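Since the structure comes first, as structure tokens, the remarks are kept for the end.
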Amino acid sequence: MITWPLAELLPHAGDMILIDQVDAFDQEQIHTRLTVRPGGLFSRADGSLPAWVGIELMAQSVAAYAGCHARQQGKPVELGFLLGTRKFECNVEHFPVDAPLRIHAQRSLEDEGGMSVFECHLHGPGIHAMARLNVFRPPQPASYLAEAGPEESPHD
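If you read the sequence shown in the working numbering, its first letter stands for residue 516, the second for the next number, and so on.
Following this line, the structure appears as structure tokens:
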């Protein structure tokens with residue numbers, strides 16, 4: 516189990532941090548977990564989470580992977596972007612309250628420009644979801660965001 520606080524691994528804050536714990540990571544993968552709790556940011560009226568939130572849980576696991584590596588190297592956690600997903604499949608419509616969920620993200624591709632692909636699986640009692648996430652971590656996020664600033668209005 517990793518003891519670094521999640522707030523120091525993710526570029527998220529407060530209620531937007533959805534995973535509870537990083538169990539393990541190495542050069543190619545990460546294992547995270549959470550327990551579904553009512554009253555969360557994406558909770559349904561009955562306290563469960565819609566299955567589509569599984570994509571965000573997987574994305575936060577990938578972000579925690581990057582955060583663990585940054586922390587291990589003494590570097591700051593940097594912003595990354597979820598570009599999309601392919602083949603998201605889930606055998607349930609929602610994750611019930613108190614369900615323990617485990618997420619495994621395995622890096623399958625990374626290029627020098629900051630693009631990566633992760634194969635992700637989410638498991639719980641009677642629950643299985645999977646997806647391939649395409650993510651982008653710019654080499655210099657601050658300058659990337661400055662270059663991608665707001666577009667000028669044609670009426671200016």
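We treat Cβ as the ideally placed atom computed from N, Cα and C, and that holds for glycine. All values derive from a computational prediction rather than experimental measurement.
What three-state label does DSSP hand residue i in the structure shown?
| i | result |
| --- | --- |
| S668 | A caution first: S668 carries a pLDDT of 46, below 50, which makes its placement in the model unreliable, though a value can still be read off. S668 falls in the coil class under three-state DSSP. |
| V632 | strand |
| Q536 | strand |
| H546 | strand |
| L564 | strand |
| M516 | coil |
| K525 | Note that residue 525 corresponds to Leu in the displayed sequence, not to Lys. Coil. |
| V577 | helix |
| D530 | helix |
| G582 | helix |
| G569 | helix |
Mark residue i as exposed unless 16 or more other C-beta atoms lie within 10 angstroms of its C-beta, in which case mark it buried.
| i | result |
| --- | --- |
| H643 | exposed |
| A539 | exposed |
| G569 | buried |
| L556 | exposed |
Could you pull out every residue in the same chain whose Cβ sits closer than 6 Å to the Cβ of residue i, ignoring the five residues on either side in sequence?
| i | result |
| --- | --- |
| S668 | No answer about S668 holds up, because its pLDDT of 46 lies below 50 and its placement is not dependable. |
| E625 | S631 |
| I599 | The amino acid occupying residue 599 in the given sequence is Gly; Ile does not appear at that position. So the list reads N649, once near-sequence residues are dropped. |
Name the residue from the options whose alpha carbon lies nearest to the alpha carbon of residue i.
| i | options | result |
| --- | --- | --- |
| H527 | G582, Q542, R552 | G582 |
| L637 | V650, G629, A614 | A614 |
| N606 | R552, A566, V537 | A566 |
| R552 | V650, P640, V612 | V612 |
| L572 | G641, E523, I517, L597 | L597 |
| H619 | S576, G555, L525 | S576 |
| E544 | G555, D561, A574 | It should be pointed out that residue 544 corresponds to Gln in this sequence rather than to Glu. When each option's Cα is compared against that of Q544, the closest is A574. |
| P640 | M531, Y580, L616 | L616 |
By Cβ distance below 8 Å, which residues in the same chain neighbour residue i in space, the five residues on each side in sequence not counted?
| i | result |
| --- | --- |
| P654 | G628, G629 |
| K602 | M645, A646, R647 |
Quick one: residues in its chain with C-beta nearer than 7 Å to the C-beta of residue i, no 5 flanking neighbours on either side, listed in chain order?
| i | result |
| --- | --- |
| E634 | Q621, S623, R647 |
- Task: Entirely within the region 587-658 and at least 3 residues each: give me those beta strand (DSSP E) ranges in chain order.
- Result: 596-605, 615-625, 630-639, 642-651
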